[in-house]
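Residue numbers (my numbering), protein chains in the order written: chain A, 1 to 249; chain B, 1001 to 1344.
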């Protein structure tokens, strides 16, 4: 599904990713763990196509198609979804309006029929209920004045409505208490499936107690320096990143 | 010094120029070297105005001629469309109209400036008086031609307990100014003076307001938002004067503008002149660009760049439009904004 090969990315003039390679097959959940400053956010923003992340070498493909030459909205329409560490507040745009605009824009980009209002509302009600989101909240401007947990649930709701192929969760556990973490994790786990790949980017092992990865990669100094099964996350939690940082430096 | 007096006397030195402090950003003297000939009498059918379907009656001033006065008797409630139509090209005219709203009467005035010609030079002066406890909601939709010069000046005099709620919507002209001056008696009278300017191309829109609080217990609330693209220019001059003794005045002014291109310009002069001791006054003024983070977020969800910009921009000015009280006019305003911003 996602194939990243020798990816090199600079921000400003500073190289951040220095030859990162990673394959996430369909149906699998991979965690990328690493210390602060290793390039975790750079990886997620580069895959999503944010301005200011300059690719200086390497490739990233989704089902064989080059991602890096596409605009962010084109990547989204092909199934890339980045769940933001800090979801943005969108003043003046009700959550429902925002989500419906996004859903229909993606359908249109893929040449599919847009969703009529009644069908959309019905689906939104169902998915919001599953995430314990009060439907009234969806009439308010997206994320404006929402708590950290509410914002993350809004991300999961958008995921559930957009049904992406590749989910990138960027530090999804940050700012969540344990109850919110459970709800969010259940939402993510419900998205697992044979046609979907997930990349869970996190500093702490805690999230991986709830979203169990098939593979764990250690990102240090812009490269994947170790890969293994779920036990690698536990080992990192116990030993820290120090030895990888030293080795990478 | 005014365009109207210059048109009357034929003397271009009567035109306001940058030497007049209040006109420094909307200089007419340097722009108009020769006054165009007087607009002809309009003959023919006018067609529908933007608010016709919403009004109980229509007042029309075409090429400077038409209705000159309207009076709403005490206690009555009416919705009236007021149309200023410039139907000729390369000509000039000025018009004057007075409106009286009787005690306790409620008037919704749906005012439109309709540029059907090109290159015209026009002024409309409106004198509005509200008796005790009267209310006026005035919605102004200014759709002038890109190469026109258009000035509108309204003088509003409020009595105790009266209320004025105004929303001005404009796309500008070659040079355009929409000015409102309010004599505010305090005495539980209230004023809302809102506006939106959406200026593109090489257009120029100037929203100027002056509110003078002359007595105790008055409120004024103002929210002006602008979006300027290309080489457009937006001007906001807002002055709130609180005279000596006008205690317990509550006045709030906000002006916020988005610049969508490097060559767009906004000139703003918010002024609070306070000569009373016990008042609550505040103003905020910001000029910036669209939030890149919000834009990326919307695009990441699949909303194409142009649509995302339009959505965020529409939301930005939506706050002003939401304050319009008259439901039908609010819908017209929303559709107007959506059309100008390329939404839907």
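Don't be surprised by glycine CBs; every beta carbon is placed ideally from N, CA and C.
Among the residues facing chain B, residue 75 of chain A is included, as its CB has a counterpart in that chain under 9 Å away. Beta-bridge partners of residue 158 of chain A (DSSP): none assigned. Per the DSSP secondary-structure output, residue 1061 of chain B pairs in a beta bridge with B:1066, B:1084. Secondary structure at residue 241 of chain A: coil, using DSSP grouped into helix, strand and coil. In summary, residue 180 of chain A is buried, with 16 or more beta-carbon neighbours lying within 10 Å of its beta-carbon over all protein chains present. Here DSSP, grouped into helix, strand and coil, assigns residue 132 of chain A to coil.
Taking 9 Å as the Cβ-Cβ cut-off, the segment 1303 to 1324 of chain B approaches chain A at 1303, 1304, 1305, 1307, 1308, 1311, 1312, 1314, 1315, 1316, 1317, 1318, 1319, 1322, given in chain order. Listed along chain A, the residues sitting closer than 9 Å to residue 1296 of chain B by beta-carbon distance are 45, 48, 49, 50, 51, 72, 88. Residue 1297 of chain B carries a helical assignment under DSSP once its states are collapsed to helix, strand and coil. Residue nearest to residue 1002 of chain B within the set B:1114, B:1048, B:1124 is B:1124 (criterion: CA-CA distance). At a cut-off of 9 Å between C-beta atoms, residue 1299 of chain B counts as an interface residue with respect to chain A. Annotation for residue 191 of chain A: no beta strand (DSSP E) segment contains it, and DSSP assigns it neither H nor E.
Contact between the segment 102 to 114 of chain A and the segment 77 to 86 of chain A is present: 3 or more CB-CB pairs across the two stretches fall below 8 Å.
Taking C-beta atoms as the reference points, residue 30 of chain A and residue 234 of chain A fail to come closer than 9 Å. Going by C-alpha positions, residue 9 of chain A is about 30 Å away from residue 148 of chain A.
In terms of Cβ geometry, residue 113 of chain A and residue 1302 of chain B do not form a close pair [threshold 9 Å]. Scanning its chain for C-beta atoms nearer than 6 Å, with the 5 sequence neighbours on each side dropped, one finds around residue 1090 of chain B the residues 1036, 1119, in chain order.
If you keep only unbroken alpha helix (DSSP H) runs of at least 4 residues inside the segment 1109 to 1154 of chain B, you get nothing at all.
Here DSSP, grouped into helix, strand and coil, assigns residue 104 of chain A to helix.
For residue 1021 of chain B, the number of other beta carbons within 10 angstroms of its own is below 16, and it is reported as exposed. Comparing alpha carbon positions, the residue from A:213, A:227, A:160 closest to residue 28 of chain A is A:213.
Residue 1298 of chain B has its alpha-carbon roughly 13 Å from the corresponding atom of residue 141 of chain A. Contact between residue 1081 of chain B and residue 1097 of chain B fails: their C-beta atoms lie close to 13 Å from each other, not under 8 Å. Residue 176 of chain A and residue 152 of chain A do touch by the CB rule: their CB atoms are close to 6 Å apart, below 8 Å. The DSSP-derived three-state label of residue 1273 of chain B is strand.
If you draw a straight line from the Cα of residue 211 of chain A to the Cα of residue 1264 of chain B, it is about 49 Å long. Between residue 1199 of chain B and residue 1238 of chain B, the CB-CB gap reaches or exceeds 9 Å.
For residue 198 of chain A, the enclosing beta strand (DSSP E) starts and ends at 197 to 202. The DSSP assignment places 72 to 77 as complete runs of the alpha helix (DSSP H) inside the segment 61 to 100 of chain A, in order along the chain (cut-off: 4 residues). In the three-state reduction of the DSSP assignment, residue 44 of chain A falls in the helix class. Taking a Cβ-Cβ cut-off of 7 Å, the neighbours of residue 102 of chain A in chain B comprise 1301, 1302, 1303, given in sequence order. DSSP places residue 1240 of chain B within a strand segment (E or B) once states are collapsed to three. Rounded to the nearest angstrom, the gap between the Cα atoms of residue 1252 of chain B and residue 1319 of chain B is 15 Å.
Using a C-beta cut-off of 8 Å, the segment 1008 to 1022 of chain B makes no contact with the segment 1060 to 1076 of chain B, since fewer than three inter-stretch Cβ pairs fall below that distance. Closest in C-alpha terms to residue 5 of chain A, from the list A:110, A:91, A:67, comes A:67. Residue 1222 of chain B has its alpha-carbon roughly 39 Å from the corresponding atom of residue 132 of chain A.
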